[in-house]
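Just so you know, we're using our numbering here: the sequence shown kicks off at 126 and counts up by one.
We put the beta carbon where it would ideally sit given N, CA and C, even for glycine.
All values reported here derive from a predicted model rather than from experimental measurement.
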Amino acid sequence: MFDDKNLVDKIMAEPGALLIVQAANDRLKNEQQRRQAFYDLITEDDKAEFVNGEIIFHSPVVKVHNAVTKYLLKLLDTFVEEHDLGFVGVEKILTKFTRNDYEPDICFFGNEKASLFHDNQLFFPVPDFVVEVLSKSSQKAIEHDTVTKHKDYELQGVAEYWIVDPHERVVEQHLLENGTYRLVLKSGEGTIHSQAVKGFSIPIAAIFDKKENRKALLNMLK
Numbered sequence: 126m127f128d129d130k131n132l133v134d135k136i137m138a139e140p141g142a143l144l145i146v147q148a149a150n151d152r153l154k155n156e157q158q159r160r161q162a163f164y165d166l167i168t169e170d171d172k173a174e175f176v177n178g179e180i181i182f183h184s185p186v187v188k189v190h191n192a193v194t195k196y197l198l199k200l201l202d203t204f205v206e207e208h209d210l211g212f213v214g215v216e217k218i219l220t221k222f223t224r225n226d227y228e229p230d231i232c233f234f235g236n237e238k239a240s241l242f243h244d245n246q247l248f249f250p251v252p253d254f255v256v257e258v259l260s261k262s263s264q265k266a267i268e269h270d271t272v273t274k275h276k277d278y279e280l281q282g283v284a285e286y287w288i289v290d291p292h293e294r295v296v297e298q299h300l301l302e303n304g305t306y307r308l309v310l311k312s313g314e315g316t317i318h319s320q321a322v323k324g325f326s327i328p329i330a331a332i333f334d335k336k337e338n339r340k341a342l343l344n345m346l347k
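This is the structure:
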C-alpha cells in the first residue's frame with residue numbers, strides 16, 4: 126500500500142521541502158511532455174508502454190506465452206460475453222494510469238466502465254481485473270510484472286491481479302483489500318475463483334493445457 130502521508134511527512138521534515146517539491150514538479154512536467162510524445166509516436170502495430178518516464182517496447186512472445194494467454198482469454202471472454210458482464214481486452218489495450226500507461230496481456234472492465242466505451246476508443250481507464258503472463262526473456266521483464274505493475278495496479282485500485290507463469294504452470298491471485306493486495310492463491314492445480322468477475326471459476330489446468338481448456342470451455346457453454 127502506498128503510504129503517502131509518511132512520504133509527505135519525510136519531505137516536510139526537510140528544510141529544503143519546497144525545493145524538493147519544485148524539482149519533482151519540474152521533472153514530472155518534463156515527463157508529461159515525453160508521455161505526450163509517446164502517444165504521438167505509437168501506432169496500432171506497436172506493443173508499448175510508458176512507465177516512469179520511459180518508453181518500453183515489448184519483443185515478440187514465445188509460443189507457450191501465446192498459448193496460455195489464448196487459453197485464458199477464451200474462457201474469460203466467453204464467460205463475460207455469455208453473462209453480459211462488460212468488456213475483455215487483450216494485449217494492445219492501452220490503459221491510462223495517473224503516471225504510466227500499460228498494455229496488459231488480458232484485462233477486464235465491468236459494465237460501469239465498459240458502457241462508456243466506443244468503437245474508435247484508443248485509451249482506456251484503469252481495469253477492474255488484470256492478467257499478466259510472465260516472460261522469461263529477462264529478469265527485468267519479470268520484475269516489470271511482479272514489482273512495478275503490482276505496485277501500480279495496487280495503488281490505482283485494480284481489484285484483482287493474476288500473475289501467470291507459463292513455464293512453471295502456476296498462477297498467483299492477488300485481491301485488493303483495504304488498498305493492499307493480498308495473495309490469496311498460488312497454485313498449479315485446483316480451481317481459481319475470480320472476485321472481480323462474478324461467477325468466473327475455472328480449473329487452473331485449463332489455463333495451461335489444451336485438452337483441459339477445451340473441456341472447461343464446453344462446460345461453460347452448457
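Excluding five sequence positions before and after N338, the CB atoms of its chain that fall closer than 8 angstroms to its own CB belong to Y196, K199, L200, A331 and I332, given in chain order. A straight line joining the alpha-carbon of A284 with that of H318 spans about 14 angstroms.
Classified as exposed, G324 has fewer than 16 neighbouring CB atoms from the shown chains inside 10 Å of its CB. In the structure shown, the three-state DSSP call for V193 is helix. In this structure, the straight-line span from the alpha carbon of V289 to that of D134 is close to 37 angstroms. Restricting attention to L247, D171 and V189, the CA atom closest to the CA of L259 is found in V189.
Comparing alpha carbon positions, the residue from L210, H269 and N225 closest to S240 is L210. Two segments are said to touch when three or more pairs of C-beta atoms, one from each, lie closer than 8 angstroms; by this definition the stretch 299 to 309 does not touch the stretch 167 to 178. Judged by DSSP secondary structure, Q264 falls within the alpha helix (DSSP H) whose first and last residues are Q264 to E268. Inclusion of F249 and K276 in the CB contact set at 8 angstroms is not warranted, their separation being larger than that value. Taking the Cα positions, N344 is about 14 angstroms away from D202. Under DSSP, Y306 takes part in a beta bridge, and its partners are L301. Annotated three-state conformation of F333 is helix, per DSSP.
Considering only Y286, Q157, A341 and H243, the residue with the shortest C-alpha distance to V322 is Y286.
The C-beta separation of D230 from E257 comes to about 5 angstroms, placing the pair in contact by the 8 angstroms criterion.
Comparing C-alpha distances from H183 to each of T223, L247, D270 and E207 shows the shortest one belongs to D270. M137 has its alpha-carbon roughly 44 angstroms from the corresponding atom of V295. Each residue's CA atom was taken as its position, placing E207 and L346 some 8 angstroms apart. Q281 counts as buried, since at least 16 other C-beta atoms from the protein chains shown sit within 10 angstroms of its C-beta. With fewer than 16 other Cβ atoms inside 10 Å of its own Cβ, Q264 counts as exposed. By DSSP's assignment, L219 forms a beta bridge with F248.
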